[in-house]
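For the sequence shown, position 366 (counting from the first letter as 1) is numbered 366 according to UniProt numbering, and the numbering increases by one without interruption.
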Amino acid sequence: MSDKLTQWAAPRQVDRNILTVSDEVYVQPEPLGVVLIIGAWNYPWAVTLQPLVGAIAAGNAAVVKPSELSEYSSLLLRALLPRYLDKDLYPVVTGGVSETQELLRLRFDHIFYTGSSTVGKVVMEAAARHLTPVTLELGGKSPCYIDKNCDIRIACRRITWGKFVNCGQTCIAPDYILCEPCIQGRVVECIRQTLLEFYGADPKCSPDYGRIINQRHFSRIMSLMEGYTPVIGGQTDASQRYIAPTVLKDVPPHSRLMQEEIFGPLLPIVAVSDMDDAIRFVNEREKPLALYIFCSDKKATKKMIEETTSGGVTVNDVMMHYTLSSLPFGGVGQSGMGCYHGKHTFDQLSHQRACLIRSLGMESVNLSRYPPQDLKLEQH
1 MSDKLTQWAA PRQVDRNILT VSDEVYVQPE PLGVVLIIGA WNYPWAVTLQ
51 PLVGAIAAGN AAVVKPSELS EYSSLLLRAL LPRYLDKDLY PVVTGGVSET
101 QELLRLRFDH IFYTGSSTVG KVVMEAAARH LTPVTLELGG KSPCYIDKNC
151 DIRIACRRIT WGKFVNCGQT CIAPDYILCE PCIQGRVVEC IRQTLLEFYG
201 ADPKCSPDYG RIINQRHFSR IMSLMEGYTP VIGGQTDASQ RYIAPTVLKD
251 VPPHSRLMQE EIFGPLLPIV AVSDMDDAIR FVNEREKPLA LYIFCSDKKA
301 TKKMIEETTS GGVTVNDVMM HYTLSSLPFG GVGQSGMGCY HGKHTFDQLS
351 HQRACLIRSL GMESVNLSRY PPQDLKLEQH
């Protein structure tokens, strides 16, 4: 970012019209002011520091509020940031809900929030009292469609990684699988084999498999499993907040499991008759943060992209669009508003100021716009 900052911050020349042909016309990015950054607990460094870097690059001051659920990361951030940044321009506020509520009562020039849609609405309501613009990086149920003619083994390997890394606590993790009934059995077996390869016979003992962040989220995920018999996993240990990688087959489309963002290691499989049915299924629900398509047919892939909407889309893999600073990352509808990463963060946290500079000379050019107009009509 630093090597391109001079270019991003420079005035940008724009087209002129016949009335402004002799004028200097440009767009000047300028700082918004003070940005409130409210981070999330699941990736406490990335989703807090990336917006902060963009805020600094755009010339803003910022108040940083890390999540209280990632307590040790928050304390470390509070200790480290003042060593490298002006503590008055970039203070770190720790604490819980009450501290966040106090911050939201204040007037900021922009609020950048990462977290749930429920809290996102609270943030937006608070911002509206001051007409403060917001960037909301939320979540949702990101669908994953597997075409029956693709390499199912590779597809399941990549899906398994994306779903169960960080114990499923990733905003763009595949939330559920859509596939035809004829390949459900093979999908389940490929996921089973991949889980064995990744985490061993007992994921509870694997150093690569995580735990649920707290007891409240553990109980929430457990309640989503009620009434289902897993085809893979299902083992739990409340004392460790452990939930095994779990796959559920033939999940009813209107069940609670399919209404809420899972944000945990549960992977439902929903049967669809074909790609058109999958497209209808996706479009009948809120716009997701991400869409994943596993398909070797380029024409069919383009069709699904063109006939659906999501914050981002990755084909034949999951979550990889997040890794590119050249791509905007953000949601649409209930999955968020605004975007960031790289220059997109700089633009999001800058005011694009319209500038026109003209001479006091050549006044004759302006005579046609001045009153009285009746006299000019008579002359013509």
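All C-beta atoms in this analysis are idealised placements derived from N, C-alpha and C, irrespective of residue type, glycine included. Note that the structure is predicted; figures quoted are calculated from it, not measured.
Contact check, residue i vs residue j, beta carbons under 9 Å
i, j, result
"C190", "R157", "yes"
"D147", "I293", "yes"
"L69", "I213", "yes"
"Q240", "R211", "yes"
"K204", "Y145", "no"
"V247", "V188", "yes"
"G331", "L138", "yes"
"Y322", "G312", "yes"
"S296", "D151", "yes"
"T301", "V315", "yes"
"V25", "A173", "no"
"W161", "F198", "yes"
"G227", "A244", "no"
"I18", "V123", "no"
"A127", "L104", "yes"
"residue 441", "E284", "What is shown of the chain runs 1 to 380, which leaves residue 441 out entirely."
Proximity to residue i [Cα-Cα], best of the options
i, options, result
"L80", "S70, T100, V92", "V92"
"Y72", "D86, V64, P44", "P44"
"V27", "Q7, T345, I18", "Q7"
"T48", "L76, L248, V14", "L76"
"Q101", "E125, G233, T20, K87", "E125"
"I305", "D276, L327, S368, W161", "D276"
"P11", "M362, C355, P371", "C355"
"G96", "W41, D86, R83, E260", "W41"
"I221", "L257, I154, L195", "L257"
"F263", "L196, G227, G140", "G140"
"L5", "R369, A46, S350", "S350"
"C182", "L195, I154, N149", "N149"
"S359", "S22, D374, D86", "S22"
CB-CB length for residue i against residue j, believed under 8 Å
i, j, result
"S142", "L291", "7 Å"
"V272", "C179", "7 Å"
"T135", "Q334", "Going by Cβ atoms, the distance from T135 to Q334 rounds to 15 Å, so no, they are not a contact pair."
"I269", "Q352", "The Cβ separation is near 45 Å, so there is no contact."
"M1", "A57", "6 Å"
"M320", "L266", "The Cβ separation is near 22 Å, so there is no contact."
"P29", "F112", "At roughly 17 Å, the Cβ-Cβ gap does not stay under 8 Å, so P29 and F112 are not in contact."
"G54", "F329", "That pair is no contact at about 12 Å."
"T132", "F164", "Actually they are not in contact, since the Cβ atoms of T132 and F164 sit about 37 Å apart, beyond 8 Å."
"T94", "R83", "Not quite, the Cβ-Cβ distance comes to about 16 Å (not below 8 Å), so this is no contact."
"G64", "Y90", "Going by the sequence as given, residue 64 is Val instead of Gly. Right, the Cβ-Cβ distance comes to about 7 Å (below 8 Å), so this counts as a contact."
Residue i burial status per 10 Å Cβ neighbour count (16 or more: buried)
i, result
"I357", "exposed"
"V35", "buried"
"N366", "exposed"
"C167", "buried"
"Q169", "buried"
"V231", "buried"
"L106", "exposed"
"H110", "buried"
"N60", "buried"
"V14", "exposed"
"P66", "buried"
"K229", "According to the sequence provided, residue 229 is Thr. The question's Lys does not apply to it. So T229 ends up on the exposed side."
DSSP three-state assignment for residue i, whether helix, strand or coil
i, result
"M320", "helix"
"D237", "strand"
"Q169", "coil"
"V53", "helix"
"A79", "helix"
"H351", "strand"
"H341", "coil"
"E30", "strand"
"H217", "helix"
"residue 402", "Nothing can be reported for residue 402: it is not among the residues displayed for the chain, which extend from 1 to 380."
"R153", "helix"
"F329", "strand"
"Q184", "helix"
"A290", "strand"
"L356", "strand"
"T6", "helix"
Cutoff 9 Å: residue i Cβ touching any chain D Cβ
i, result
"T114", "In summary, chain D is missing from the structure at hand, where a single protein chain is found."
Closer than 8 Å: residue i CB and nearest the ligand PLP heavy atom
i, result
"L52", "Among the components modelled here there is no ligand, and therefore nothing to report on the ligand PLP."
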